[in-house]
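Numbering (the working numbering), first residue to last: 284 to 453.
No residue lacks a Cβ here, since even glycine has one placed at the ideal position from N, Cα and C.
Structure, as structure tokens:
Here you go:
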């Protein structure tokens with residue numbers, strides 16, 4: 284499983300210049316699309332026989348690239364839209380919503396998988412689950428396209444004065 288998640292920090296850093304050039308929405312949409320393509324790979328490539336390199340690994344890498352583009356970009360877009368005095372609370376709410384979404388997503392996936400009795404039944408169950416994930420990725424791609432470039436949030440004079448008056452760290 285490691286190759287997919289290892290793509291996230293690499294792409295999170297690499298996505299920054301792309302976000303500055305074309306905006307968070309298109310980058311997040313591309314990420315969601317690639318995540319869906321990675322999962323769609325499994326729908327067609329995974330069989331009951333083991334084939335990690337040919338069937339599973341390509342989906343992990345493509346999906347990891349997509350997740351690395353989408354997740355950090357959307358989190359950054361959500362937090363940069365907040366005024367400085369609401370950053371802590373807003374980022375907490377954003378992460379709480381992300382975690383609730385993950386829990387609900389896993390619960391729905393488990394209900395789609397059911398309790399298959401054979402290896403072939405397990406592959407069919409996972410295909411149904413992967414198709415559901417691909418559909419959600421398609422919806423997330425469309426939703427990400429609605430994210431607009433953020434204009435800098437003006438810092439209120441009261442907050443700016445506090446920052447200027449604070450002593451410099453040693």
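Can you tell me which of the three DSSP states residue 306 falls into?
As a first step, residue 306 is located in the chain shown; it is residue number 23 there, counting from the start. Reduced to three states, the DSSP call for residue 306 is coil.
With residue 315 and residue 423 assumed to form a contact (beta carbons below 8 Å), what rounded beta-carbon distance in angstroms separates them?
Taking the first residue of the chain shown as position 1, residue 315 is located at position 32. Taking the first residue of the chain shown as position 1, residue 423 is located at position 140. With a Cβ gap of about 4 Å, residue 315 and residue 423 count as contacting.
Residue 352 to residue 295, Cα distance in whole Å?
Here residue 352 refers to the residue found at position 69 when the chain shown is read from its first residue. Here residue 295 refers to the residue found at position 12 when the chain shown is read from its first residue. Approximately 6 Å between the Cα atoms of the pair.
Taking 6 Å as the limit between beta carbons, can you name the residues of its chain near residue 307, skipping five residues before and five after?
Locating residue 307 in the chain shown gives position 24, where the first residue counts as 1. Result list for residue 307: 356, 360, 430, in chain order.
With a threshold of 7 Å on Cβ separation, who are the neighbours of residue 331 within its own chain once the five nearest residues in sequence on each side are excluded?
As a first step, residue 331 must be located in the chain shown, where it is residue number 48. Result list for residue 331: 402, 403, 406, in chain order.
With DSSP as the reference, label residue 431 as helix, strand or coil.
Walking along the chain shown from the start, residue 431 turns up at place 148. Residue 431: coil per DSSP, three-state reduction.
Please report the distance separating the alpha-carbon of residue 329 from that of residue 303.
Within the chain shown, the letter at position 46 stands for residue 329. Within the chain shown, the letter at position 20 stands for residue 303. Cα-Cα distance, rounded: 37 Å.
Can you tell me the Cα-Cα spacing of residue 391 and residue 412, whole angstroms?
Start at 1 with the first residue of the chain shown, and residue 391 comes out as number 108. Start at 1 with the first residue of the chain shown, and residue 412 comes out as number 129. Cα to Cα, the separation comes out at about 9 Å.
With DSSP as the reference, label residue 371 as helix, strand or coil.
Here residue 371 corresponds to residue number 88 of the chain shown, with the count starting at 1. Of the three classes helix, strand and coil, the one that applies to residue 371 here is helix, per DSSP.
Would you check if the distance between the CB atom of residue 297 and the CB atom of residue 427 is smaller than 7 Å?
For the purposes of this step, residue 297 is identified with residue 14 of the chain shown, where counting begins at 1. For the purposes of this step, residue 427 is identified with residue 144 of the chain shown, where counting begins at 1. Not a contact, by the Cβ cut-off of 7 Å.
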